[in-house]
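In our numbering, the protein residues as written are 1 to 530. Note that CB positions come from ideal geometry on N, CA and C, so glycine has one too.
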Ligand SMILES: [Zn+2]
């Protein structure tokens, strides 16, 4: 009973103060007004305002009447959760370009590093360097099976001893304790390709103990892609953890259409209680190095010096060459050396953008398959190049995209603007899905696309406080115009930012404001289970 009058008299005593405080303290830090809320869960959009206080979404309602320090009228644009890229190669780029403008301009608020079996070790050092870096986006990492194997047994093509396997287990456990979200593998690459299914499963079991996932660049995405999907599912089943086919695609004309079979395998696995999922980027070309893509694994064993030694041996070189011819004809080469376009050659930057047929001609030869193989081996000898391989079919791409267990991931990184000729996926992945596959071709709905970019990867990673627009969730938010959003980056001219995003918010801070990048660096390091 005494409380009310006491408060009143206290307030009367400092009346001016009380009034000033009331006038100066808005209820919220930020309100996004008049949006189409696509909340990330997949339900149809609804009209609403979204209010933020600190780093958290605190209110969503048809109309929020209270005041805010900043009100942004979004005029019917989509308000979505900031996107989450579960397969990113941002490891180096984030230190060069901590603004990560290529990601922010397509609404991405979080990236996950350590894909394809490759991660820094120990992870704790990498994460503390990232922690000290002022950065715009959130970042977390996987622990890489290939990196773990290489640390213990180099690039050798043999089974690990019991002792070596025990050492690998310890490294995976350390990675998980340091905050990795799971175990990634790149069984297509050296040295992951030298690992048996059982060896990988033993390490996956460690990630499982910590509640992590297994995510794999599979052993083969071309002629043996169906076997590879079976292997990925088996590792999930026997390892006792969720398993993911990363950047799922079908490479090589002879294999096109096999996504019917691979998706059926995923459906059957799920029917039997195996938690198998997929991620994908929306392009019909892949990107990796010439050496990794075209040379057989046995020729890559042991590191660069060993590779060069084999290429100097006439007999061995002939064996390698016939395998390279086969790769160009049936797999990554898409049947024609023109389909292989060099992206970045550190030893001769003028080769970027030239295709393998052109390089063959520069070398004084007609661009037959055999001569192109010779040119590819020459490239490897000179110092290797990254390249773009046009060998994926649009029908497979759409079939995989429509699958409910497919999420979107870029497989890109953070490029230095204007440098080299990267795959456009780094600049365009998320915008391209919204433009081409939602608006132009109606392959999936807007709500499903946003789900595949937000709540689905968040659930996969165990990020309980991101990926959905709900009160209490972290305020990672992307605002875009669904009629105007588009990817501008092309294979010919990749250094072009996506368009149509007006506002992007990371941990409650505005990093893109009316289409302009802001100096705020609110990005955080994300640790699994913390
Ligand atoms: Zn990969």
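*Compute the beta-carbon to beta-carbon distance between residue 175 and residue 185, rounded to the nearest angstrom, for a pair I have assumed lies under 8 Å.*
Actually they are not in contact, since the Cβ atoms of residue 175 and residue 185 sit about 13 Å apart, beyond 8 Å.
*Return the CA-CA distance between residue 518 and residue 512, expressed in angstroms with no decimal places.*
6 Å
*Is residue 116 near ligand 1, with its Cβ less than 6 Å from a heavy atom?*
yes
_Rounded to the nearest angstrom, what separates residue 215 and residue 199 at their Cα positions?_
15 Å
*Within 10 angstroms of the Cβ of residue 509, are there 16 or more other Cβ atoms? Answer buried if so, exposed if not.*
buried
_Where residue 13 sits in the DSSP three-state scheme_ = Its pLDDT being 49, under 50, residue 13 is placed unreliably by the model, and the measurement read from it follows with that caveat. Residue 13 falls in the helix class under three-state DSSP.
*Under three-state DSSP, which class holds residue 244?*
strand
*For residue 36 and residue 534, believed in contact at Cβ under 8 Å, the rounded distance*: One cannot answer for residue 534 here, as it falls past the ends of the chain, which runs 1 to 530.
_Neighbour-count burial assignment, residue 423, 16 or more Cβ in a 10 Å radius_ = buried
*Is residue 217 near ligand 1, with its Cβ less than 6 Å from a heavy atom?*
yes
*C-alpha distance - residue 485 paired with residue 415, whole-angstrom precision*: 21 Å
*By the 10 Å Cβ neighbour count, where 16 or more other Cβ atoms means buried, how is residue 418 classified, buried or exposed?*
exposed
*residue 441: buried (16+ other C-beta within 10 angstroms of its C-beta) or exposed?*
exposed
_Buried or exposed for residue 189, going by 16 or more other Cβ atoms inside 10 Å?_
buried
*Of all the options 32, 38, 26, which has the alpha carbon lying nearest to the alpha carbon of residue 446?*
38
*For residue 346, collect the residues of the same chain with a Cβ closer than 7 Å to its Cβ; drop the 5 residues on either side in sequence, then sort them by chain order.*
383
*Contacts around residue 172, its chain only, beta-carbon distance under 7 Å, and the 5 residues preceding and following it disregarded*: 143, 148, 183, 203, 206, 207
*Between the Cα of residue 430 and the Cα atoms of 455, 444, 439, 410, which residue gives the shortest distance?*
410
*Applying the criterion that 16 or more other CB atoms from any shown protein chain within 10 Å of the CB defines a buried residue, is residue 25 buried or exposed?*
exposed
*Roughly how many whole angstroms lie between the Cα atoms of residue 264 and residue 405?*
Between residue 264 and residue 405, the C-alpha separation is close to 12 Å.
*Using the beta-carbon count (16 or more within 10 Å), is residue 161 buried or exposed?*
Classification of residue 161: exposed, given that the 10 Å Cβ count is below 16.
*Going by other Cβ atoms of all chains shown within 10 Å of its Cβ, with 16 needed for buried, is residue 362 buried or exposed?*
exposed
*Per the contact definition of three or more C-beta pairs closer than 8 Å, is the segment 81 to 97 in contact with the segment 495 to 503?*
Between the segment 495 to 503 and the segment 81 to 97 there are fewer than three inter-stretch CB-CB distances shorter than 8 Å, so the stretches are not counted as touching.
_So, for residue 392: in the same chain, excluding its five sequence neighbours on each side, which residues have a beta-carbon less than 6 Å away from its beta-carbon?_
Excluding positions up to five away in sequence, the list reads 249, 284.
*Grab me the residues of residue 435's own chain with a C-beta within less than 7 Å of its C-beta, minus the 5 sequence neighbours each way, in chain order.*
The residues are 485, 486, 487.
*Tell me whether residue 528 is buried or exposed, calling it buried when 16 or more other Cβ atoms sit within 10 Å of its Cβ.*
buried
*asked:* So within the segment 64 to 131, which uninterrupted beta strand (DSSP E) runs reach at least 3 residues, ignoring any that extend past its ends?
replied: 68 to 73, 78 to 81, 83 to 85, 108 to 113
_Own chain residues within Cβ distance below 6 Å of residue 31, not counting five before or after_ = 49, 51, 64, 68, 71
*Just the C-alpha distance for residue 292 and residue 66, rounded to the nearest angstrom, thanks.*
58 Å
*Considering only residues of the same chain and omitting the five flanking positions on each side of residue 390, which have a CB-CB separation below 6 Å?*
285, 334, 339, listed in sequence order.
*asked:* Applying the 10 Å Cβ sphere with the 16-neighbour rule, what's the burial state of residue 150?
replied: buried
*By how many angstroms is the C-alpha of residue 131 removed from the C-alpha of residue 245?*
If I take the Cα positions, the gap works out to 29 Å.
*Express the C-alpha separation of residue 320 and residue 364 in angstroms, rounding to a whole number.*
Rounded to whole angstroms, residue 364 to residue 320 spans 21 Å at the Cα level.
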